[in-house]
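Student: Once you've had a glance at the structure underneath, I'll fire off some questions.
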Amino acid sequence: MPQLRDATRGRVLFGGDYNPEQWPEETWPEDVRLMKDAGVNSVTLGVFSWAKLEPEPGAREFGWLDRLMDLLHESGIGVVLATPTSSPPPWLGRLHPETLPRDADGRIEWWGGRQHFSHSSAVYRHHAAAITEALAARYAGHPALTMWHINNEYCTFDYGDEAAVAFRLWLRARYGTLDALNSAWGTAFWSQGYDTWDGVLPPRHAHYLNNPTHVLDFRRFTSDMLLECYTAERDIVRRHTPHLPVTTNFMPLWVGQDAWRWAEEEDVVSVDLYPDPRDPLGAQSAALVQDLTRSQARGPWMLMEQAAGSVNWRGVNHPKPRGLNRLWSLQAVARGADAVCYFQWRQSRQGAEKFHSGMLSHAGERGRTFQEVKQLGAELARIGGEVTGTHIPADIAILHDWNAWWAGAQDGRLSTEVDHPEVVRAWHRALWESHLTTDFAHPEHDLSAYELVVVPQLYLLTDTAIDNLLAYVHGGGTLVCGFLTGIADEDDRVRPGGMDARLRELFGIRTLHEWWPLEQGETVECEGFRGTLWSEEIEPEDGAADEAIPYKGGELEGLPAVLRKGRAWYVSTLPEPYALRALLARVAAEAGVRPVLEGLPVGVEAVRRGELLFLLNHGREPVTVEVPGRHDDLLTGASVERELTLGRYGVAVLRP
Ligand code: GLA
Ligand code: GLA
């Protein structure tokens, strides 16, 4: 199987989306000159080029791309070639309206933006395959080509008629019989029993709450259908270039794709990452996505897109202050990225993203953005040989599963304040702030390599996953579970007792009487800390608990907020950040897991990657960090003994 290292060959890939079709051809030589100046060694071409490549049905306009590929090759810049299938040309929708997706209200998503394709449309798939085939055949032997990038940020839902037919087929494959479907969906409730497959539709706009298992299956179906679109194109390019890796770019912690399943179909896992420069926890939310992506890749991964400055899709869009682009890029490398790429090379003058930054901004080569990009390119070239291909050791796994998210995040639940990704962020943050490096894992993965497994929230757990968790603890592992875990089975049927009986036994819970969700901003007193978001009326098993931290005052006075039985912990609220951090740091220490470095100043992140120790100062003030032993800083060439000072947004990459 081809891998990322076949494309990196000992360098960090540095570059980004290059959309030269927006510019007169006279611009290209200047682009290439500045790319070389900035150390760019890889660009992604063609992401949105379908209308240029196939201006009318069946036409092929490859001349411009030939010239561009040749130019890049002569300049020593590799090409990640994209299939242009995320934005079909207007003629496709005009001639074949059935290729356009519909939302839950039946409204058509017209051309004029992008991603206006129905994953289930046979006509769309036919045209997407044809242009992919033509591209792959033409460029298979081109020496500039290093990798394939399929489509872009697959994210289109479709509730239309052709999707309905595909959904029925998907459901037939899953359930076999209508009786099985009716049972899984609990259609006895509200008179929803289906007597014929033709009666089953996508969960379109309904008068009141849609059936939750119907909605859950539609999410599974959508992820699978988009994945089929991906694998169809992947298989075409693979046939032409079996030696080249294939990827598609994920959005960070995005709800629509079961990214565990998708990652298995990719040679290279890549992600687009746009933390908000103003977010005080931007670095942590980035670290989370980096840890998740690395875990999906089971090794080095590709930062396919980030912004050199501001984006243009938030309410207020802030630029990156001096040094932040470098800091966040090196953070990605510290956490396993072997490619640091951007959307996009040259900032657009036209189109919907003309106020989105580029590596080469409107200010041009004298602009601060480009100057910082250039400095970063030089630094990545310096460290590339030592970092690429190396691994990040982690003794802790955070469990995450899209099925649990999909099932738990529906309407008709007890609190809209419980936002699944925010809960995951809170738990990851507690570990990140304790300098404990974490992987992510799926609840059915082999967990035996980890000393500690943390479950922020897995509302839905399959029987296999529950067996896996029990086996993990019985095998000597330490498990910490947050609230709303193990509530529902695979079909989103609430487990008897309101929470899986074996999990209750594991934690020493006799009865889970009631859930007591909290209002926004409301807290619940617990001994030594305050809980947020949620609380529970739990009756513990007599004498089973080895430890219990009680709620104090109110309805839950004296009942356990936190329970420990052996190496299994249950946390029935979301402790405030300092408290969750303290709890997890303690549990990790007891499980024998040490932080990357002890005694780090606040705001300094430390990550080990292979032999190297990355130190990143997320603060604007200089800090002094004590580092045992003697090291060389690969970025400065200086040797470091016992301590070093990191300036504002400073980074050191230390080799012992
Ligand atoms: C209404 C409906 C019931 C049920 C309850 C739930 O009263 O008539 O079927 O949905 O709301 O509060
Ligand atoms: C995504 C897309 C890009 C671009 C950027 C803007 O990552 O893949 O095409 O729209 O967002 O942030």
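The sequence shown begins at 3 in the working numbering and counts up one residue at a time.
Idealized CB from N, CA, C, for every residue including glycine.
1. Counting only the same chain and skipping the five closest in sequence on each side, list residues whose C-beta sits under 7 Å from that of Pro542.
2. Would you check if the distance between the CB atom of Pro247 and the CB atom of Ala406 is smaller than 8 Å?
3. Taking contact to mean 3 or more Cβ pairs, one atom from each stretch, closer than 8 Å, check whether the segment 494-507 and the segment 524-532 are in contact.
4. Please name the residue or residues paired with Lys567 in a DSSP beta bridge.
5. Say yes only if the C-beta of His358 is nearer than 7 Å to one or more non-hydrogen atoms of ligand 4, and no if none qualify.
6. Go through its chain and collect everything with a Cβ distance to Asn212's Cβ below 7 Å, but skip five positions before and after it.
7. Which same chain residues, not among the five before or five after Asp160, have their C-beta less than 7 Å away from its C-beta?
8. Give a yes or no on whether the C-beta atoms belonging to Ala30 and Leu83 are separated by under 8 Å.
9. Less than 7 Å between the CB of Phe345 and some heavy atom of ligand 2, yes or no?
10. Counting Cβ pairs, one atom from each stretch, are 3 or more of them under 8 Å apart for the segment 166-179 and the segment 140-155?
11. Which residue marks the beginning of the beta strand (DSSP E) containing Thr224, and which one marks its end?
12. So which of Leu326, Leu378, Trp112 has the shortest CA-CA distance to Thr158?
13. Please indicate yes or no: does the CB of Asn251 lie closer than 7 Å to some heavy atom of ligand 2?
14. Give me, in chain order, the residues of the same chain whose beta-carbon lies closer than 6 Å to that of Pro624; leave out the 5 immediate sequence neighbours on both sides.
15. I need the DSSP call for Ala84, collapsed to helix, strand or coil.
16. Go ahead and pull the three-state DSSP assignment for Ala53.
17. Can we count Tyr232 as close to ligand 2, meaning its CB is less than 7 Å from some heavy atom?
18. Using the three-state DSSP reduction, which class does Glu435 fall into: helix, strand or coil?
19. Among the candidates Leu558, Ser537, Lys567, whose CA atom is the shortest distance from the CA of Ala546?
20. Does the Cβ of Trp408 have 16 or more other Cβ atoms within 10 Å, making it buried, or fewer, making it exposed?
21. Whole angstroms are fine: how far does the CA of Arg316 sit from the CA of Glu643?
22. Counting only runs that start and end within the segment 531-557, where is the beta strand (DSSP E) found for 3 or more residues in a row?
23. Over what stretch of residues does the beta strand (DSSP E) that includes Phe119 continue unbroken?
24. What is the DSSP secondary structure of Pro577, counted as helix, strand or coil?
25. For the segment 336-387, which segments carrying the beta strand (DSSP E) assignment without a break, of at least 3 residues, lie completely within its bounds, in sequence order?
26. What do you get for Glu592, buried or exposed, if any count of 16 or more other CB atoms within 10 angstroms of its CB means buried?
27. Determine the contact status of Leu558 and Ser537, defining contact as a CB-CB distance below 8 Å.
28. So which of Arg7, Gly338, Lys322 has the shortest CA-CA distance to Leu305?
29. Relative to the alpha-carbon of Leu94, which residue among Gly80, Thr85, Gly114 has its alpha-carbon at the smallest distance?
30. Beta-carbon separation of Ile133 and Trp52 under 8 Å?
31. If the criterion is Cβ atoms closer than 8 Å, does the pair Leu463 and Thr480 meet it?
32. When you compare only the Cα positions, how much space is there between Ala473 and Val45?
33. Nearest CA to the CA of Glu613: which residue from Leu636, Tyr580, Val604, Glu628?
34. Count Cβ pairs between the segment 295-313 and the segment 356-373 that sit closer than 8 Å; are there 3 or more?
35. Val34 and Leu73: beta carbons closer than 8 Å?
36. Using the rule of at least 16 other Cβ atoms within 10 Å of the residue's Cβ for burial, across every protein chain shown, is Ser450 buried or exposed?
Tutor: A quick look at the data gives this:
1. Gly510, Ile511, Arg512, Ala550, Pro562, Leu565
2. no
3. no
4. Ala570
5. Ligand 4 is absent from the structure shown, which contains only ligand 1 and ligand 2.
6. Pro205
7. Pro103, Arg104, Ser120, His121, Ser122
8. A small fix is needed here, since residue 30 is Trp in this sequence, not Ala. Cβ distance not < 8 Å, so Trp30 and Leu83 don't count as in contact.
9. yes
10. no
11. Thr224 -> not in any beta strand (DSSP E); alpha helix (DSSP H) instead, spanning 214-242.
12. Trp112
13. yes
14. Thr647, Gly649
15. strand
16. helix
17. no
18. helix
19. Lys567
20. buried
21. 43 Å
22. 531-534, 536-542, 549-552
23. Neither: Phe119 is in no beta strand (DSSP E) and is coded neither H nor E.
24. strand
25. 339-344
26. exposed
27. yes
28. Gly338
29. Gly114
30. yes
31. no
32. 46 Å
33. Leu636
34. yes
35. yes
36. exposed
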